[in-house]
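Peer 1:
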Amino acid sequence: MTDLAKSLSALPRAELAHLPTPIERLERLTARVGGPSIIVKRDDCTGLGMGGNKVRKLEFLLADAIATGADTVVSGGVTQSNHIRQTAAACAKVGLGCHLAVMDGRVPKVDADYYETGNIFLDGLFGANLEPIAWGADRNALLPGIADRLTREGKKPYIVPYGGSNVLGTMGYVQFVVELLQQLNDAGLSIDAIVHASGSAGTQAGILAGVTALAPDLPVIGIDIDAEPERVHADVTRLYHDTCDYLDITDRLPPERIEVVAGYAGDGYGLITDGMAEAVDLAGRLEGLLLDPVYSGKGFAGLIGLIRAGRFKPANRVLFLHTGGTPALFAYRSAFAKPA
Ligand SMILES: Cc1ncc(COP(=O)(O)O)c(C=O)c1O
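So for the sequence shown, numbering that gives the first Met the number 0 puts the first residue at 0; every next one is plus one.
(1) Going by DSSP in three states, F299 sits in which element: helix, strand or coil?
(2) Does DSSP put A13 in a helix, in a strand, or in coil?
(3) For P228, does the three-state DSSP call read helix, strand or coil?
(4) Measuring alpha carbon to alpha carbon, tell me which residue in G96, G48, N128 and T78 is nearest V106.
(5) Give a yes or no on whether the C-beta atoms belonging to I220 and L318 are separated by under 7 Å.
(6) Please tell me whether L28 and R84 are closer than 7 Å, where the distance is taken between their beta carbons.
(7) Three or more C-beta pairs under 8 Å: does that hold for the region 123–133 against the region 187–207?
(8) Is T45 near ligand 1, going by C-beta to nearest heavy atom under 6 Å?
(9) How big is the Cα-Cα spacing for G96 and L61?
(10) Beta strand (DSSP E) containing N128: first to last residue?
(11) Rounded to a whole number of angstroms, what is the C-alpha to C-alpha distance between S6 and L167?
(12) Can you check whether the CB of Y294 is closer than 7 Å to the CB of A200?
(13) For the region 68–115, list the alpha helix (DSSP H) runs that are entirely contained and at least 4 residues long, ordered along the chain.
(14) Report buried or exposed for M0, applying the criterion of at least 16 other Cβ atoms within 10 angstroms of its Cβ.
(15) Could you tell me which whole alpha helix (DSSP H) segments of length 4 or greater appear in the region 212–260?
(16) In three-state DSSP terms, what is R24?
(17) Take the Cβ of Q174 as the centre, count every other Cβ of all protein chains shown within 10 Å, and call the residue buried at 16 or more, exposed below.
(18) Quick check on the DSSP output: the beta strand (DSSP E) that includes V159 runs from which residue to which?
(19) Got a sec: does ligand 1 put a non-hydrogen atom nearer than 6 Å to the Cβ of T202?
(20) At a threshold of 6 Å, does S197 count as lining ligand 1 (C-beta to nearest heavy atom)?
(21) Using a Cβ-Cβ cutoff of less than 8 Å, which residues in the same chain neighbour C243 once the five nearest sequence positions on both sides are dropped?
(22) Going by the beta-carbon positions, is the gap between T45 and H17 smaller than 7 Å?
(23) Return the chain-ordered list of same chain residues with a C-beta closer than 7 Å to the C-beta of D241, the five sequence neighbours on each side being excluded.
(24) Whole angstroms is fine: what's the gap from D280's alpha carbon to G287's?
(25) Note down the Cα distance separating Y157 from L180, rounded to an integer number of angstroms.
(26) Any idea what DSSP makes of K337, helix, strand or coil?
(27) Under 8 Å by Cβ, that's how I've got S36 and R284 pegged, so tell me the actual separation to the nearest angstrom.
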């Protein structure tokens, strides 16, 4: 076992995810797009509550909540947040109460499906207490405010940050690197880059920290899905260094290796783009693979864009990390309506 794997295994961890998630070759998509071989790691298949990348983070966060004697989790996100759906499912599984701030109004031009189906529909099935709030409220004060109220009511709340993106949640994606390298080794495969959608920074920061320790030459390319590439880059950089500090990883990657690619989010978070629609369509029709409109669809559009721009050699093999999000397809179904 590497030192890193030892440090990780010393941390308390709730067993929530179906791991290891599969890796698959996307042969028909590779042939259509041209260029490097594309393989996908299916973190949309982490299992719990329809899966996704937050389940890995929640394994560490909810173990900490339990260790500190909490009885209730507080977190938040937008109406179609995958993070709050997975948090609600994880709390149901381990028997913690769950209070979620559901912020409405970040995404303009949505229809009734946005409020009735997809993630928000599932949140209710997992028994979470949903607290609606308008987007634009002070996000930093919101969760502590709910936690204070719950404390006054006699509860012991534990705050899971937005996106599960603090150092502890990020351990889920450090652990991901240990898992992936073992899996590639077992399959006799090597890869030349990892590409994925990046938002609240925990996924990319964790992968970068894991790669720093175990595969320092492997590029990790985050695709900005928030239409805020500078903010995402700054958050990834800060969380990467905090995570390395926590794990005593002293040799760090140079700043240029923290790569957040702009240009694939369109006009804003959650808004549809032609590139996303093309990616969702190609993955569905050529591979039977569901991407989502807000994250993995834009992430994959970024990968297609990088391939078309000549970023990779034809002999390369690129791993797309599918971070989940497919329930949101139902909330956005009008965006995919085919002409009669
Ligand atoms: C499906 C999906 N992909 C990617 C991300 C981005 O991950 P991170 O917030 O760790 O950057 C999210 C975050 O909500 C997500 O739900």
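All C-beta atoms, glycine included, are put in the ideal place defined by N, C-alpha and C.
Peer 2: Working from what's here:
(1) Position 300 of the sequence shown, counted from the start, is the residue given in the question as residue 299. The answer is helix: DSSP assigns F299 an H, G or I state.
(2) Numbered from its first residue, the sequence shown carries residue 13 at position 14. Residue state, collapsed to three classes: coil.
(3) As a first step, residue 228 is located in the sequence shown; it is residue number 229 there, counting from the start. P228: helix per DSSP, three-state reduction.
(4) Indexing the sequence shown from 1 puts residue 106 at position 107. Checking every option, the nearest Cα to that of V106 belongs to T78.
(5) Locating residue 220 in the sequence shown gives position 221, counting from the first residue. Locating residue 318 in the sequence shown gives position 319, counting from the first residue. Not closer than 7 Å, so no.
(6) As a position in the sequence shown, residue 28 is number 29, starting the count at 1. As a position in the sequence shown, residue 84 is number 85, starting the count at 1. Taking 7 Å as the Cβ cut-off, L28 and R84 do not qualify as a contacting pair.
(7) no
(8) By 1-based counting over the sequence shown, the position of residue 45 is 46. Incorrect: T45 has no Cβ contact closer than 6 Å to ligand 1.
(9) On the sequence shown, position 97 is the one that residue 96 refers to. On the sequence shown, position 62 is the one that residue 61 refers to. For G96 and L61, the distance between alpha carbons rounds to 11 Å.
(10) Looking up residue 128 in the sequence shown gives position 129. Segment N128 to A133, the beta strand (DSSP E) holding N128.
(11) Locating residue 6 in the sequence shown gives position 7, where the first residue counts as 1. Locating residue 167 in the sequence shown gives position 168, where the first residue counts as 1. Taking C-alpha positions only, S6 is separated from L167 by approximately 12 Å.
(12) Your numbering for residue 200 matches position 201 in the sequence shown. Your numbering for residue 294 matches position 295 in the sequence shown. Result no, Cβ atoms of A200 and Y294 do not sit closer than 7 Å.
(13) 81–93 and 111–115
(14) Within the sequence shown, residue 0 is the residue found at index 1, counting from 1. That one is exposed.
(15) 228–245
(16) Position 25 of the sequence shown, counted from the first residue, corresponds to residue 24. Here R24 sits in strand by DSSP.
(17) Here residue 174 corresponds to residue number 175 of the sequence shown, with the count starting at 1. Buried is the call here.
(18) Along the sequence shown, read from residue 1 onward, the residue named residue 159 stands at position 160. Premise fails: V159 is in no beta strand (DSSP E) and is neither H nor E.
(19) Mapped onto the sequence shown, residue 202 falls at position 203. Answer for T202: yes, Cβ within range of ligand 1.
(20) Taking the first residue of the sequence shown as position 1, residue 197 is located at position 198. Indeed, a heavy atom of ligand 1 lies less than 6 Å from the Cβ.
(21) Residue mapping note: residue 243 aligns to position 244 of the sequence shown, counting from 1. Only residues of its own chain outside the window of five on either side were considered, and among them A208, T211, T249 and R251 have a CB closer than 8 Å to the CB of C243, listed in chain order.
(22) As a first step, residue 45 must be located in the sequence shown, where it is residue number 46. As a first step, residue 17 must be located in the sequence shown, where it is residue number 18. Yes, Cβ-Cβ distance for T45 and H17 is below 7 Å.
(23) Numbered from 1 along the sequence shown, position 242 holds the residue referred to as residue 241. Excluding positions up to five away in sequence, the list reads V166.
(24) Within the sequence shown, the letter at position 281 stands for residue 280. Within the sequence shown, the letter at position 288 stands for residue 287. Each residue's Cα considered, the two are about 10 Å apart.
(25) Indexing the sequence shown from 1 puts residue 157 at position 158. Indexing the sequence shown from 1 puts residue 180 at position 181. Cα-Cα distance, rounded: 33 Å.
(26) Counted from its first residue, the sequence shown places residue 337 at position 338. Of the three classes helix, strand and coil, the one that applies to K337 here is coil, per DSSP.
(27) The residue given as residue 36 occupies position 37 in the sequence shown. The residue given as residue 284 occupies position 285 in the sequence shown. Contact doesn't hold; Cβ gap of about 19 Å is too wide.
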